[in-house]
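Numbering (UniProt numbering), first residue to last: 1 to 581.
Written out as structure tokens, the structure is:
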């Protein structure tokens with residue numbers, strides 16, 4: 001920020017109430033333009049402001065399109081900031097105007113946007129007296145300019161706000177509603193959209209105007225947006241409950257870092273299906289060249305192979321082979337055979353399934369010049385045993401830079417309540433110091449749906465026939481096959497489920513261990529059949545779980561099984577179909 005922009009930002013924070021939304025230097029609508037400030041108030045409207053630190057005695061001339069400034073290197077020709085702000089504001093209005101839900105249907109403002117929009121200029125080093133003496137009003141409308149003395153620290157908040165309000169051409173009779181506010185953000189900031197790739201700067205605005213607007217939009221909430229935009233430098237940890245948008249924020253962070261850095265970016269996760277989803281998402285954003293997405297163990301394998309550090313012998317049991325992969329990478333890094341500091345940034349999804357020594361290894365891979373590391377964590381979804389640890393002990397310096405996301409958007413309140421009650425013994429919330437790992441209970445965003453019910457049937461075969469029938473019924477009602485998933489705990493249930501679905505003519509994709517098919521494809525028009533473990537990080541409108549039973553408290557792994565069931569149940573966004581026999 002320039003000095004004048006900093007001062008103006010402080011005044012906005014000090015003088016405006018909490019119902020104002022402010023963005024600084026954020027690109028709009030895929031155009032690549034970055035207004036200095038965007039101010040949105042639900043009862044006032046949308047305002048674009050350009051800030052200039054010009055001094056009165058160095059401003060040589062000013063007309064409708066250009067200004068000439070005296071600088072240390074001579075005269076400099078720059079754009080008129082009022083024209084700049086007008087262009088940006090008009091671009092935003094054009095984006096919003098195409099949405100019928102953002103246009104007044106009747107009354108004196110019929111056909112106009114539901115909120116007024118305007119634009120103006122902040123002259124942070126020119127007083128109102130100098131503005132008048134220099135005759136600048138001939139080029140910059142007086143009521144569309146804030147001068148230095150009008151943004152001083154001692155200015156009355158009401159007077160400061162009045163300056164902003166006077167820039168608007170009319171006053172709305174109704175405030176913008178929350179759904180309308182989300183639609184406004186959806187249009188202006190495509191990178192915040194959920195479920196669709198944001199526009200690249202190469203896409204012309206006109207092409208965007210031709211795209212259809214969905215009736216139901218999905219977009220980051222304000223906390224998610226603020227967190228995603230302001231992660232900043234250094235190590236960061238986000239503790240987020242299931243369905244709180246952690247992976248979405250990771251994808252947005254990749255987009256930011258790819259624009260800023262000229263070094264490769266490493267994204268690590270634990271499970272292959274989630275890895276496939278991330279790869280699809282980042283490829284759609286044009287980041288597949290710069291961003292390397294791997295499961296942790298496939299990354300270890302690639303490191304050993306690339307640096308000729310020696311792979312473990314073939315024929316070992318899978319668990320032992322995976323353990324040896326990690327230990328060999330650690331040893332090779334310690335010997336200097338595998339270099340440290342390979343990546344401009346490292347982002348870790350599913351951090352709750354990583355072992356402490358993995359963090360210690362991966363944190364050494366970040367270039368200290370950028371020091372960019374992001375870790376996403378949810379202790380409630382930790383389905384693999386691991387030791388308690390502090391982040392500092394494994395090389396993650398995130399004190400003062402941890403955030404908790406408590407709001408669950410994925411599940412209906414009914415599904416979330418059922419899943420939490422089912423696993424309540426292991427979901428007792430626990431605090432931790434800032435450098436530890438808390439267990440955070442999710443809070444519902446309030447969306448309602450059918451309450452999950454457990455359907456009791458005579459046998460597993462009857463359960464699977466019932467589930468297949470439900471899938472067929474939902475498909476006949478308009479649900480896509482790829483909106484449904486069957487999750488199972490043991491391989492015998494998975495094999496039988498695949499057999500029954502095939503018999504009923506239901507297209508399926510069997511994903512995960514022992515299935516012979518591990519590549520997850522969300523777009524393929526098939527019902528997904530996955531293990532509980534493989535479903536981590538994924539979501540489906542409809543989820544069916546056969547052979548449901550509460551783990552016996554006597555079992556030594558009862559807590560792990562309850563967590564696993566909780567993870568499986570919270571994959572369901574709208575409907576959770578449960579059967580037992």
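Backbone N, C-alpha and C fix where the C-beta goes; we use that ideal spot for every residue, glycine too.
Computed from a prediction, not measured in an experiment: that's the story for all the values here.
Assignment of beta-bridge partners to residue 23 by DSSP yields 38.
Using a Cβ distance threshold of 7 Å, residue 543 and residue 483 do not count as a contacting pair. Around the beta carbon of residue 316, a 10 Å sphere encloses fewer than 16 other beta carbons of the protein chains shown; the residue is thus reported as exposed. Secondary structure at residue 186: helix, using DSSP grouped into helix, strand and coil.
The bridge partners DSSP lists for residue 193 are 219.
DSSP lists 268 as the beta-bridge partner residues of residue 294. Taking 4 residues as the minimum length, the alpha helix (DSSP H) runs contained wholly in the region 101 to 160 are 128 to 133, in order along the chain. Taking a contact as a CB-CB distance under 8 Å, the pair residue 408 and residue 242 counts as one, their CB atoms being some 6 Å apart. Taking the Cα of residue 19 as reference, the smallest distance to any Cα among 90, 181 and 59 is reached at 181. In terms of Cβ geometry, residue 68 and residue 57 do not form a close pair [threshold 7 Å]. In this chain, the beta strand (DSSP E) harbouring residue 52 covers 45 to 52.
If you ignore the 5 residues before and after residue 459, its C-beta comes within less than 7 Å of the C-beta of 581, all in its own chain and listed in chain order.
For residue 454, the enclosing beta strand (DSSP E) starts and ends at 453 to 456. Collapsing the DSSP output to three states places residue 179 in a helix.
Contact between residue 464 and residue 568 is absent: CB atoms are separated by about 16 Å, not below the 8 Å threshold.
Proximity to residue 147 across 111, 489, 49 and 28 peaks at 49, based on C-alpha coordinates. Judged by their CB atoms, residue 224 and residue 245 are nearer to each other than the 7 Å cut-off. Secondary structure at residue 556: coil, using DSSP grouped into helix, strand and coil. Under DSSP, residue 444 takes part in a beta bridge, and its partners are 408.
Counting other Cβ atoms within 10 Å of its Cβ, residue 347 reaches 16 or more and is therefore classed as buried. Put simply, of 311, 88 and 345 the residue whose alpha carbon is nearest the alpha carbon of residue 31 is 88. With contacts defined by Cβ atoms closer than 7 Å, residue 82 and residue 51 do not form a contacting pair.
With a cutoff of 7 Å on beta-carbon distance, residue 265 and residue 344 are scored as near each other.
Listed in chain order, the non-local C-beta contacts of residue 139 below 8 Å within the same chain comprise 62, 63, 64, 80 and 82, local neighbours out to five positions each way being set aside. As the crow flies, the alpha-carbon of residue 573 is around 15 Å from that of residue 420.
Residue 351 is positioned such that its CB atom lies closer than 7 Å to that of residue 375. Annotation: residue 325 to residue 299 spans about 10 Å, alpha carbon to alpha carbon. Rounded to the nearest angstrom, the Cβ distance from residue 340 to residue 333 is 6 Å, consistent with a contact under 8 Å.
By the CB criterion at 7 Å, residue 252 and residue 423 fall outside the cutoff. Cα atoms of residue 304 and residue 365: separation of roughly 14 Å, rounded to the nearest angstrom. Spanning the alpha carbons of residue 28 and residue 190 requires a straight line of approximately 8 Å.
As the crow flies, the alpha-carbon of residue 269 is around 5 Å from that of residue 295.
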